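What follows is a short report on a single structure.
Protein chains: 2
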Amino acid sequence: MPETPSGESLLFLTDEQLRKGIEAMFFAYRGFTADPDRILEVMDYGRAHHRAIHFIHRSPGTTVSNLLSILGVTKQSLNRVLRTLIEDGLVRSEKGKVDARERHLYLTDKGLILERELSDAQRARMRAAYRAAGPQAVSGFRQVLEAMMDPEMRRQYNRLKEGG
Amino acid sequence: MPETPSGESLLFLTDEQLRKGIEAMFFAYRGFTADPDRILEVMDYGRAHHRAIHFIHRSPGTTVSNLLSILGVTKQSLNRVLRTLIEDGLVRSEKGKVDARERHLYLTDKGLILERELSDAQRARMRAAYRAAGPQAVSGFRQVLEAMMDPEMRRQYNRLKEGG
DNA sequence: GAATTTACGTCAGCCTTGTTGACTTTCCAA
DNA sequence: TTGGAAAGTCAACAAGGCTGACGTAAATTC
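Here the protein sequences line up with chains A and B, keeping their order.
If you count the first sequence from 1, position 8 lands on 8 in the numbering used here, and the numbers rise without skipping.
If you count the second sequence from 1, position 50 lands on 50 in the numbering used here, and the numbers rise without skipping.
Okay, here's the thing in structure tokens:
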């Protein structure tokens, strides 16, 4: 299997090569979401819940509007998801102390358990893919993905990456 | 020099590194779909239409059931999209000659024009990302994505990759 | 102190795109 | 000739996007 793209071939980026990359993104994203989707399905949640859980876990105490800008959805859309998560006792919403208009979001113990289950599954696939592809592939993977983001998304991504 | 298939650096895959990969996928996929989404919006189509157009263009004369297995949706869902594309004169459906139960799908000239517009936009972003990331990154990118697919999706992907 | 802005929540309604279930038509193949 | 596969259609429903409008509390500005 001749995996051609080497050195000088960058100048010869054919439509065919680019199309392969496009289709790879399409099929890989399906795999990327498949495991969490299966877990979420049995408890009547969807990807929207997963995303909220992920980023609340990532930045405990984050505000609603911060979450909105990360997820890129409307507050009505996020609120619907958030409400069920709070009702079900997975997320806790706390009125801000310095600014009482803000709501700070945290995962409860129950929320942390689900987050664990979801991210374990997703990490397992990512780990397997990294192992199969090898060390060099990993950094290339991340470089291309970063370059593919819109500037605004890259900003969000880097802010998270550094540790918030 | 870095031969190790399961080199020790791989053993140091921290949860943090894996999480970064997961978030990179999330944000990059948004960028990946952003340009086509903008084009589709003005003509009242969605991603489902784009996917159908892409794979019909990729495999002219493909059957409905073949498309179903590639897209991984129900026939009812695909049919709704396909019907509008046929009505709007972007896709042509031909009764099979060898097996008349099958419908073979082709893009019309009008369909080809839209496909061009969509894939030009998507390729432009992919090309820019490849250029920014560099040659080695490109092969790593594809390797990790392929490893991330479900076996069935990988089969579909490779079948397409080889051509047909 | 009043007016405005901000952050959040909520109601109502719409759209796309996914789902299941039931039914029909066509037509190949055993 | 009959069973079953391929395809299409109708109906109903759900998730999760969206817009618009409205309300409330708190912060900020004038």
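All C-beta atoms, glycine included, are put in the ideal place defined by N, C-alpha and C.
In this text the structure is predicted, and so the values were computed from the model without any measurement.
*Going by DSSP, what residues sit across from B:H50 in a beta bridge?*
According to DSSP, which records beta bridges pairwise, B:H50 is partnered with nothing at all.
*Can you check whether the CB of B:A129 is closer than 8 Å to the CB of A:M148?*
yes
*Hey, is A:T150's beta-carbon within less than 8 Å of any beta-carbon in chain B?*
One detail in the question is off: residue 150 of chain A reads as Asp in this sequence, not Thr. Cβ-Cβ to chain B under 8 Å: yes for A:D150.
_Beta-carbon neighbours of A:G125, restricted to chain B and to distances below 7 Å_ = Residue 125 of chain A is actually Arg in this sequence, not Gly. Under the 7 Å cutoff, chain B gives M148.
*Proximal chain B residues relative to A:E23, where beta-carbon distance stays under 7 Å*: Y157 and L160
*Under three-state DSSP, which class holds B:S59?*
coil
*Assess, as a yes-or-no matter, whether the segment 52 to 69 of chain B is touched by the segment 93 to 109 of chain B under the definition of 3 or more beta carbon pairs within less than 8 Å.*
yes
*asked:* In the DSSP output, which residue or residues are listed as bridge partners for A:R92?
replied: A:Y106
_Give me, in chain order, the residues of the same chain whose beta-carbon lies closer than 7 Å to that of A:R51; leave out the 5 immediate sequence neighbours on both sides._
L71
*Answer yes if the segment 122 to 140 of chain B comes into contact with the segment 66 to 86 of chain B, meaning at least three C-beta pairs across the two stretches below 8 Å, and no otherwise.*
no
*Would the segment 35 to 53 of chain A and the segment 73 to 80 of chain B be scored as touching if the rule is three or more Cβ pairs under 8 Å?*
no
*asked:* Quick check on B:D150: does DSSP put it in helix, strand or coil?
replied: coil
*Less than 8 Å between the CB atoms is what I'm expecting for A:I53 and A:L107, so what's the real figure, rounded?*
7 Å
*Tell whether a beta-carbon distance below 8 Å holds between B:G140 and A:G140.*
yes
*For the segment 113 to 144 of chain A, which residues have a CB atom closer than 8 Å to at least one CB atom of chain B, in sequence order?*
S119, Q122, R123, R125, M126, R127, A128, A129, Y130, R131, A132, A133, G134, P135, Q136, A137, V138, S139, G140, F141, R142, Q143 and V144
*Taking only the alpha-carbon atoms, compute the straight-line gap between B:E16 and B:L85 and give it to the nearest angstrom.*
44 Å
*Beta-carbon gap between A:I22 and B:Q156 smaller than 8 Å*: no
*Look up B:M126 in the DSSP assignment and say whether it is helix, strand or coil.*
helix
*First and last residue of the alpha helix (DSSP H) that includes A:L18?*
D15 to V42
*Determine the closest residue to B:D88 out of B:R116, B:L105, B:K110 and B:G31, with distance taken between C-alpha atoms.*
B:K110
*Smallest Cα separation from B:R103: which of B:E115, B:R83 and B:L118?*
B:R83
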